[in-house]
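Student: Protein sequences appear in the order of chains F and E. Each number in our numbering corresponds to the 1-based position in the first sequence with 20 added. Each number in our numbering corresponds to the 1-based position in the second sequence with 2 added. Once you've had a glance at the structure underneath, I'll fire off some questions.
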Amino acid sequence: MEFFSKTNIDFLGKRRFFFLLSLTTSVVGLLVTAIWGLEYGIDFEGGAEIAVEVRPAPDVADLRATIGSAGFRGAEIKSYGQPNQFLIRVKESLTTAHGEEPTAAVVSALKQRFPDRSVTLLKSDKVGPKIGAEMRLNALIAVILATVAILLYIAFRFEFVYGLGATVALLHDVVIAISAISIVHHLGILRIEINQSVLAALLTVVGFSVNDTVIIFDRIRENRERHKGMNLIKLMNLSINETLSRTINTVLTTVLVLLAILALGGEVLQGFAFTMLVGIITGTYSSIFIASAFVIWFLQTVRKVDLETEYRRLREAERQAAAAQA
Amino acid sequence: MPKRFRQLWAKWALVVLPLALGIYILIPTYRAWDLERRKTSLQEAGDSVQLQEFERLYGATLQSAKQNALKLGLDLRGGMYVTLEVDVLKLLEEAAEREAIDETFRQVLDATRRDVERTDQPVLEAFLRHFDRIARPQGRSLISYYDVSDLREVTEEAILERLRRNIDGAVDQALEVIRQRVDKYGVAEANIQKQGGRRIVLELPGVTNEAEMRQLLQTTARLEFKLVRNTEEAVRAFYAIDQFLKRERAGQPLDTTPRPSAEAGATADTMAQQAASQASPGDTADPYAGLSEEERRRRIREDFPFTSLFITYYIRNERFVPIDYRQPDFPEGEYFFQLPKEQLPEFQAILERPDVRRLLPVDYEIAISAKPDERLKRQGYEIHTFYVLKREPELTGDVVTDARATFDPTTNAPIVLMDMNAEGAERWARITGANVGKKIAIVLDGRVYSAPVVQTKITGGRSQITGMSSIQEAHLLEIVLKAGALKAPVKIIEERIVGPSLGEDSIRRGLLASLVAFLLVVLFMVGYYTGSGAVAIFGLLVNITLIFALLSAFKGTLTLPGIAGIILTMGMAVDANILIFERIREELRRGRSLRSAVDEGHKRALSAILDSNITTFITGLILYFFGTGPIQGFAITLMIGIVMTLFSALIVARALIEILLAYDLQLSYGLPRRWLVATT
């Protein structure tokens with residue numbers, strides 16, 4: 021079987037368009053995230069989260085009233101995977117003000133209200149404000165550190181410009197992934213809050229989205245030996261085309277397993293799988309359209325190397341040759 | 003084809019051995035799972051006879067299998083995860099002299115509290131910063147607030163030094179107390195660790211009664227000094243307990259009596275026998291003579307249901323003489339008791355019965371040593387000592403102002419120096435004066451840490467405790483003695499509970515997702531790359547087996563994010579194969595022969611494979627260092643997965659391809675036949 025046998029797509033000729041597209045998407049994404057916001061899980065926010073199963077499922081309004089009367093008025097109540105499972109989230113200010121242990125209070129209130137139903141505690145997390153603040157800081161440090169480490173590694177294995185290109189591409193992926201979380205969460209498609217596993221997914225995206233970029237850069241390095249003197253834009257385009265089928269196939273296997281996790285892995289892994297999925301797909305896009313394009317942009321605007329003129333001439337010649345053949 | 007096999011044996015070994023090794027390492031995991039499952043089904047059926055039989059046959063196997071099995075994280079098996087923090091600020095406040103505390107000092111404390119409540123900066127440093135800012139301009143110094151009467155030199159440094167030592171001590175002490183309590187509560191496979199300077203992390207599998215556990219973790223420990231009463235009166239009471247239990251068991255069918263597991267009984271019985279035979283060397287009328295070893299043990303257990311659990315020694319001229327309970331004439335004097343760890347549960351169960359308790363003198367209680375005997379432990383025996391104590395404490399720990407482990411300047415033996423305040427010193431002089439030659443037990447939270455003999459009347463409040471077998475033991479005693487002086491409560495700052503049903507659900511979902519993911523990858527790889535895709539799948543199987551094997555060999559735990567990491571590895575592991583296969587296809591299209599295309603493809607794909615895996619590995623490392631708990635589990639499986647991917651794709655799958663080529667198999671790499679026909 022073969023998806024792409026031999027392609028000759030001019031990916032870099034339209035690089036301005038994709039550059040603008042990505043820039044607009046990122047900016048809009050950031051704006052949307054700023055307006056709609058992200059919901060931080062208690063890992064980062066502090067507070068308490070109690071998941072219970074009540075069989076048969078009660079009316080949510082009834083549940084809310086019961087929990088309110090237990091002293092946690094204003095606690096959020098959401099469905100937790102199955103229809104008879106509920107997630108009750110108590111804000112940090114409420115847990116400290118109330119004094120009583122939220123888990124015990126909620127469970128006993130529910131048992132009292134619904135004596136003839138089975139009430140099971142599925143899980144409970146209580147995180148103090150200090151731990152939450154620490155985790156936020158650690159998360160930020162981790163993402164920055166990972167990005168810098170990858171910039172340095174690629175710069176060391178290839179050239180500094182390529183390190184920059186890979187970094188821009190991966191930052192783009194992270195931004196898109198975060199915006200996507202904000203959007204699906206706000207629109208109520210999936211309930212995803214920023215917690216430790218979403219952070220783990222974001223970091224994995226950082227490491228993973230460069231995989232495809234590395235494959236292309238590796239081919240560029242090889243082709244520069246093979247076709248000495250070839251125009252860089254043409255050479256990069258050739259490299260992207262040559263590696264296209266493996267770029268797509270490697271990402272395809274990963275997407276397949278992530279879909280399996282997303283569909284079957286349950287509530288806990290949903291945020292993880294979704295974040296990875298968005299990150300990986302944009303990672304492939306950015307490897308093809310952004311990473312090399314950024315290298316070219318950097319060389320032309322910062323280093324003042326003119327690659328464009330020659331490339332246009334070459335494309336023109338190709339087109340004429342093709343027309344002559346026809 | 004033996005000749006061909008001779009050429010290929012090394013490659014066959016590369017294909018078969020890793021898989022075999024992985025499976026071999028995972029045998030205990032399978033066995034533990036299988037036995038546990040059978041045990042649960044017996045328990046559910048409520049079949050006690052079968053259950054006992056099962057314990058006898060497989061109890062030891064299950065234990066050892068569990069030791070080497072892959073451990074499941076709390077999120078999968080259910081349990082409680084708690085992070086405790088020692089309230090250092092409270093300690094600083096308590097250490098200050100009550101009368102000296104004024105408005106200025108309170109301001110310093112409040113400012114410090116605001117700082118440390120939301121960040122993890124060191125409390126003492128923050129305190130000093132605010133002290134310099136608020137209190138110093140008003141002419142106050144640390145000396146104004148902290149008691150300096152017992153310091154050799156009155157300097158700020160000396161006070162600071164002592165505060166620092168107390169903070170460290172408070173954390174160690176909380177750790178010790180919590181260890182003992184969790185141990186007493188009987189949590190199997192609990193993991194308790196110090197994290198950073200002042201935090202304690204507990205992982206308590208299977209615990210769901212959080213209210214009870216919370217109570218246990220947050221109550222402050224109580225230090226008491228109690229007189230040891232290991233007298234003939236106590237021994238007579240033990241004899242009475244034996245008789246009582248024997249009568250009770252005789253009157254009832256045997257099945258309802260609690261019975262220890264066969265294995266656990268053995269150690270104590272042997273020792274009880276030793277005691278029996280040594281006690282009366284001249285006594286040839288052994289009632290158990292001529293019985294088989296097993297029968298003899300059983301008889302001793304039946305005849306002495308309580309006292310056969312431990313060994314009793316009579317101390318005669320400083321020599322330990324083992325005695326038995328056959329003749330109830332016990333000489334006056336001091337006794338000594340040793341209790342093997344395995345017997346602890348039954349020992350305590352008997353003593354907790356109110357009808358048994360009544361047989362002990364009212365003002366007596368029994369306390370077990372906190373640690374097993376160090377010297378015996380080095381020989382592989384876990385033997386506790388227990389003491390009969392006077393119930394009413396002579397003194398409580400709040401009179402102790404300081405304690406310090408050090409070495410005796412003349413003998414160089416480890417000792418502990420203990421200081422008491424004026425009130426304590428006065429009472430201590432009276433107590434020690436009245437009990438010269440007797441033992442006083444140091445009891446924290448109901449466990450005995452040391453029971454030194456009073457050598458002389460101690461006046462002036464400074465005592466010296468000797469007889470520790472190591473400086474570690476001395477250090478532990480120092481921590482214990484400070485319990486009264488260090489009033490540093492612990493706070494729960496993070497608490498996570500996973501109910502057993504959610505854990506089971508997670509495992510089920512994780513397994514299902516893995517299976518589906520695996521099938522999808524198989525479909526894609528075999529569909530796209532045909533035969534060589536199947537080779538990649540074989541590599542993937544080796545890979546997954548080895549990930550689980552390494553995880554269990556390194557005593558890692560499998561968490562739900564860890565399962566996600568393994569599923570992700572399935573998607574990534576074949577990436578390396580895809581890179582190689584695509585490259586081989588490319589070389590084939592360029593007109594190379596299959597043989598040289600395979601060589602070239604592997605060689606050329608290597609750099610891209612390495613680079614892309616290293617970048618992911620770097621993020622795995624960073625995740626490991628910045629993540630906690632389950633996320634670290636993810637990071638570890640991700641990193642192991644990457645290393646194993648490189649191994650299985652570059653070495654195992656390659657070897658298999660070489661073998662297939664050697665047998666002239668035409669691997670098409672999923673390309674249309676024409677590319678191969680043209681070149682071979």
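We put the beta carbon where it would ideally sit given N, CA and C, even for glycine. It should be emphasised that the depicted structure is a prediction, and the values quoted were computed from it without experimental measurement.
Taking Cβ positions, are residue 182(F) and residue 174(F) nearer each other than 7 Å?
Tutor: Walking along the first sequence from the start, residue 182(F) turns up at place 162. Walking along the first sequence from the start, residue 174(F) turns up at place 154. A contact, by the Cβ cut-off of 7 Å.
Student: Does residue 285(F) come within less than 7 Å of chain E when only Cβ atoms are used?
Tutor: Walking along the first sequence from the start, residue 285(F) turns up at place 265. Yes, its Cβ sits closer than 7 Å to a Cβ of chain E.
Student: Please state the DSSP three-state secondary structure of residue 619(E).
Tutor: Start at 1 with the first residue of the second sequence, and residue 619(E) comes out as number 617. Note: residue 619(E) maps to helix in three-state DSSP.
Student: Run through chain E and tell me which residues come within less than 9 Å of residue 123(F), C-beta to C-beta.
Tutor: The residue you call residue 123(F) lines up with position 103 of the first sequence. By Cβ distance, chain E contributes 212, 213, 497, 499.
Student: Is residue 112(E) helix, strand or coil by DSSP?
Tutor: Position 110 of the second sequence, counting from 1, holds the residue named residue 112(E). If DSSP states are grouped into helix, strand and coil, residue 112(E) belongs with the helices.
Student: Using a Cβ-Cβ cut-off of 7 Å, state whether residue 1(E) counts as contacting chain F.
Tutor: The structure shown does not extend to residue 1(E), since chain E spans only 3 to 682, so no value can be given for it.
Student: Taking 7 Å as the CB-CB cut-off, is residue 216(F) touching chain E?
Tutor: For the purposes of this step, residue 216(F) is taken as the residue at position 196 of the first sequence. So, interface residue.
Student: From residue 179(F) to residue 168(F), what does the alpha carbon distance come to, in whole angstroms?
Tutor: In the first sequence, counting from the first residue as 1, residue 179(F) sits at position 159. In the first sequence, counting from the first residue as 1, residue 168(F) sits at position 148. Those two C-alpha atoms are separated by around 15 Å.
Student: Considering only residues of the same chain and omitting the five flanking positions on each side of residue 87(E), which have a CB-CB separation below 7 Å?
Tutor: Position 85 of the second sequence, counting from 1, holds the residue named residue 87(E). Cβ within range, chain order: 200, 201, 492, 493, 495.
Student: Among 324(F), 98(F), 259(F), 319(F), which residue has its Cα nearest to the Cα of residue 208(F)?
Tutor: The count along the first sequence starts at 1 and reaches residue 208(F) at position 188. When each option's Cα is compared against that of residue 208(F), the closest is 98(F).
Student: Residue 401(E) to residue 483(E), Cα distance in whole Å?
Tutor: Numbered from 1 along the second sequence, position 399 holds the residue referred to as residue 401(E). Numbered from 1 along the second sequence, position 481 holds the residue referred to as residue 483(E). Using only the alpha carbons, I get a separation of about 10 Å.
Student: Between the Cα of residue 112(E) and those of 572(E), 136(E), 85(E), 102(E), spot the shortest distance and give me the residue it belongs to.
Tutor: By one-based count along the second sequence, residue 112(E) stands at place 110. Per the Cα distances, 136(E).
Student: If you check the beta carbons only, do residue 33(E) and residue 67(E) fall under 7 Å apart?
Tutor: Counting from one through the second sequence, the residue named residue 33(E) turns up at place 31. Counting from one through the second sequence, the residue named residue 67(E) turns up at place 65. Yes; because the gap between Cβ atoms is below 7 Å, this pair is in contact.
Student: By the criterion of Cβ-Cβ separation under 8 Å, what are the contact partners of residue 235(F) in chain E?
Tutor: Within the first sequence, numbered from 1, the residue matching residue 235(F) stands at position 215. Per Cβ cutoff of 8 Å: 581, 610, 614.
Student: Can you list, in chain order, the residues of its chain with a C-beta nearer than 7 Å to that of residue 319(F)? Leave out the 5 residues immediately preceding and following it.
Tutor: Along the first sequence, read from residue 1 onward, the residue named residue 319(F) stands at position 299. 181, 325, 327, listed in sequence order.
Student: Taking all protein chains shown into account, do 16 or more other C-beta atoms lie within 10 angstroms of the C-beta of residue 132(E), making it buried, or fewer, making it exposed?
Tutor: By one-based count along the second sequence, residue 132(E) stands at place 130. Counting Cβ neighbours within 10 Å, residue 132(E) comes out buried, since at least 16 surround it.
Student: Helix, strand or coil, according to DSSP, for residue 137(F) in the structure here?
Tutor: Mapped onto the first sequence, residue 137(F) falls at position 117. Residue 137(F) falls in the coil class under three-state DSSP.
Student: For residue 292(F), which residues in chain E fall below 8 Å Cβ to Cβ?
Tutor: Counted from its first residue, the first sequence places residue 292(F) at position 272. Correct list: 563, 566.
Student: For residue 519(E), which residues in chain F fall below 9 Å Cβ to Cβ?
Tutor: As a position in the second sequence, residue 519(E) is number 517, starting the count at 1. Correct list: 276, 277, 278, 279, 280, 281, 284.
Student: Is residue 261(F) helix, strand or coil by DSSP?
Tutor: If you number the first sequence from 1, residue 261(F) lands on position 241. Residue state, collapsed to three classes: helix.
Student: Could you run through the region 228-255 of chain F and flag, in chain order, every residue whose CB is less than 7 Å away from some CB of chain E?
Tutor: Of all residues in the region 228-255 of chain F, 228, 230, 231, 234, 235, 238 have a Cβ within less than 7 Å of some Cβ in chain E.
Student: Which of the three DSSP states is assigned to residue 413(E) in this structure?
Tutor: Residue mapping note: residue 413(E) aligns to position 411 of the second sequence, counting from 1. It is coil, neither helix nor strand.
Student: Considering only DSSP beta bridges, list what residue 371(E) is partnered with.
Tutor: Here residue 371(E) is taken as the residue at index 369 of the second sequence, counted from 1. DSSP output for residue 371(E) lists 450(E) as bridge partner(s).
Student: Should residue 556(E) be labelled buried (16 or more other beta-carbon atoms within 10 Å of its own) or exposed?
Tutor: Within the second sequence, the letter at position 554 stands for residue 556(E). Residue 556(E) comes out exposed.
Student: Quick one: which chain E residues come within Cβ less than 8 Å of residue 204(F)?
Tutor: Position 184 of the first sequence, counted from the first residue, corresponds to residue 204(F). Near residue 204(F) there are no residues of chain E at all, since even the closest Cβ is about 19 Å away, more than 8 Å.
Student: Please state whether the Cβ-Cβ distance between residue 166(F) and residue 624(E) is less than 7 Å.
Tutor: Along the first sequence, read from residue 1 onward, the residue named residue 166(F) stands at position 146. Along the second sequence, read from residue 1 onward, the residue named residue 624(E) stands at position 622. Taking 7 Å as the Cβ cut-off, residue 166(F) and residue 624(E) qualify as a contacting pair.
Student: Can you pull the chain E residues whose beta carbon is under 7 Å from the beta carbon of residue 148(F), in chain order?
Tutor: By one-based count along the first sequence, residue 148(F) stands at place 128. 495, 496, listed in chain order.
Student: Cα-Cα, which of 309(F), 345(F), 64(F) is closest to residue 155(F)?
Tutor: To locate residue 155(F), count along the first sequence from 1; it is residue 135. Checked all of 309(F), 345(F), 64(F); the closest Cα to residue 155(F) is 64(F).
Student: Which runs of the alpha helix (DSSP H), 4 residues or longer, sit entirely within the region 76-112 of chain E?
Tutor: Those alpha helix (DSSP H) runs which fall completely within the region 76-112 of chain E and span 4+ residues are 76-79, 90-97.
Student: Name the DSSP bridge partner or partners of residue 342(E)?
Tutor: Within the second sequence, numbered from 1, the residue matching residue 342(E) stands at position 340. BP columns for residue 342(E) point to 385(E).
Student: Specify, as a first and last residue, the run of the alpha helix (DSSP H) that residue 233(F) falls within.
Tutor: Locating residue 233(F) in the first sequence gives position 213, where the first residue counts as 1. Start and end: 216-246.
Student: Would the beta-carbon of residue 223(E) fall within 7 Å of that of residue 446(E)?
Tutor: Here residue 223(E) is taken as the residue at index 221 of the second sequence, counted from 1. Here residue 446(E) is taken as the residue at index 444 of the second sequence, counted from 1. Cβ distance < 7 Å, so residue 223(E) and residue 446(E) count as in contact.
Student: Identify every residue that forms a DSSP beta bridge with residue 327(E).
Tutor: In the second sequence, residue 327(E) corresponds to position 325, counting from 1. In the DSSP output, where bridge partners are listed per residue, residue 327(E) has none listed.
Student: Can you give the Cα-Cα distance for residue 306(F) and residue 181(E), rounded to whole angstroms?
Tutor: Here residue 306(F) is taken as the residue at index 286 of the first sequence, counted from 1. Here residue 181(E) is taken as the residue at index 179 of the second sequence, counted from 1. When rounded, the distance between both Cα atoms is 52 Å.
Student: To the nearest angstrom, how far is it from the Cα of residue 80(E) to the Cα of residue 635(E)?
Tutor: As a working note, residue 80(E) is residue 78 in the second sequence. As a working note, residue 635(E) is residue 633 in the second sequence. Cα to Cα, residue 80(E) sits roughly 16 Å from residue 635(E).
Student: Quick one: is residue 290(F) buried, meaning 16 or more other Cβ sit within 10 Å of its Cβ, or exposed?
Tutor: Taking the first sequence and counting its residues from 1, one reaches residue 290(F) at position 270. With 16 or more other Cβ atoms within 10 Å, it is buried.
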